[in-house]
Amino acid sequence: MSLYVIAKIDEEEYAINIEKVQTIEKVMPITRVPQTESHVKGVINLRGEIIPVISLRAKLGLPEKKYDEDTRIVVLKAYDMLVGMIVDNANEVVDIAEEDIDNLVFNEASDEFGKFVSKVGKIKDKVFLILDLKKLLDVRV
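Heads up, the sequence shown is in the working numbering, so the first residue is 1 and it goes up one at a time.
This is the structure in structure tokens:
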């Protein structure tokens, strides 16, 4: 069994391995950084640590929406770096059995979305898209 934090964008539910989640924060002031990609929203100062913040919506090619009381920044510690990821909501943790996780196959040349989701987890009648953080964060290891 593996624990995942569920991050929502609209009605889609994305799963992030809980081992990679450092903290989940309410939206705070974000300092814009000039000449960065459109999905990079800037940096935050979280307890003295400067952390870059990306929009999961923008990264997935979805339209931005105004932040509200449910919007969260999921701070990830992955590949020796901290990164904040803005999501519509993140307040659920689920336990997905290994046998209920399947690989997905996308045509990466034509499917922008498929570049960042590599697996799907199932619990009863719910399906969770498991984010591939290595691809999402564009890590070259």
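We treat Cβ as the ideally placed atom computed from N, Cα and C, and that holds for glycine. Every value quoted in this text rests on a predicted model; they were computed, and no experiment measured them.
In its chain, beyond the 5 residues on either side, H39, K41, E64 and I86 have a beta carbon closer than 7 Å to the beta carbon of S55.
The three-state secondary structure of K119, taken from DSSP, is strand.
Taking all protein chains in view, the Cβ of A7 is crowded by 16 or more other Cβ atoms within 10 Å, so the residue is classified as buried.
The Cβ neighbour count for R47, taken over all protein chains shown within 10 Å, is under 16; the residue is labelled exposed. In this structure, DSSP gives E11 a state outside helix and strand, which the three-state scheme calls coil.
Residue E19 holds the alpha-carbon nearest to the alpha-carbon of L76 among Y14, D10, I9 and E19. Inter-residue distance for V94 and P29 is about 29 Å (C-alpha atoms, whole angstroms). Taking the CA atoms as reference points, I16 sits about 5 Å from Y4. Under the three-state reduction of DSSP output, I86 falls in the strand class. When secondary structure is reduced to three states using DSSP, A78 falls in the strand class.
In chain order, M1 place their CB closer than 6 Å to the CB of A97, counting only its own chain and leaving out the 5 sequence neighbours on each side. R72 and K134 have their C-alpha atoms roughly 21 Å apart.
Closest by C-alpha distance to T31, out of V43, A78, I130 and F128, is V43.
Note on geometry: alpha-carbon atoms of E12 and I101 lie some 17 Å from one another.
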